[in-house]
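Q:
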Amino acid sequence: GEPAPHAVQGRARGGRTVFVFPGQGAQWAGMAVAALDASEAFAATVAACERALAPHTNWSLTEVLRGAPGAPSLDRVDVVQPVLFAVMVALAAHWRATG
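Residue numbers (our numbering): 535 to 633.
1. Can you give me the start and stop residues for the alpha helix (DSSP H) that Asp571 sits inside?
2. Go through its chain and collect everything with a Cβ distance to Val623's Cβ below 7 Å, but skip five positions before and after it.
3. Unbroken alpha helix (DSSP H) runs of length 4 or more, entirely within the segment 586-626: which are they?
4. What's the call for Phe576, buried or exposed, on a 16-neighbour Cβ count within 10 Å?
5. With distances taken Cα to Cα, identify the nearest neighbour of Gly559 among Ala626, Ala627, Val617 and Asp571.
6. Would Leu608 and Ala563 qualify as a contact pair, given that the criterion is a beta-carbon distance under 9 Å?
7. Applying the 10 Å Cβ sphere with the 16-neighbour rule, what's the burial state of Ala588?
8. Going by C-alpha distance, which of Ala541, Gly549, Ala581 and Gln543 is nearest Val621?
9. Go ahead and label Val542 buried or exposed: buried means 16 or more other beta carbons lie within 10 angstroms of its beta carbon, across all protein chains shown.
And the structure:
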């Protein structure tokens, strides 16, 4: 509930909305599980990302997010980068769906 010492706060005037996706380091075990279960737009976008990634990976995006037994860890850079991308794209889809 307290602002960070170097955080900048303000109100944008006019212009268009943009999404800034954080880089590696923004991940944690169990991230996105609640959104997968609660948001149809989020889950559908994760599923679409999983289909797109499937030819390039030997792991399941959904299993990684849900921490399924045998799923690779978010500590692996070849896993975390596409997972973070998929989560951010899915989060943007959820925001668009909710207006």
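Glycine included, every Cβ here is placed at the ideal spot set by N, Cα and C.
Being a predicted model, the structure only gives us computed values, none of them experimental.
A: In this structure, then:
1. Taken as a continuous stretch (DSSP letters only), the alpha helix (DSSP H) holding Asp571 covers Val567 to Ala572.
2. Answer for Val623: Thr579 and Cys583, listed in chain order.
3. You should have 595-600.
4. Answer is buried; the Cβ neighbour count reaches 16.
5. Nearest C-alpha to Gly559: Val617.
6. Yes, the pair counts as a contact, with Cβ atoms nearer than the cut-off.
7. It is exposed - the Cβ of Ala588 has fewer than 16 other Cβ atoms within 10 Å.
8. Ranking the options by Cα distance to Val621, first place goes to Ala581.
9. Within a 10 Å sphere around the beta-carbon of Val542 sit fewer than 16 other beta-carbons, which makes this residue exposed.
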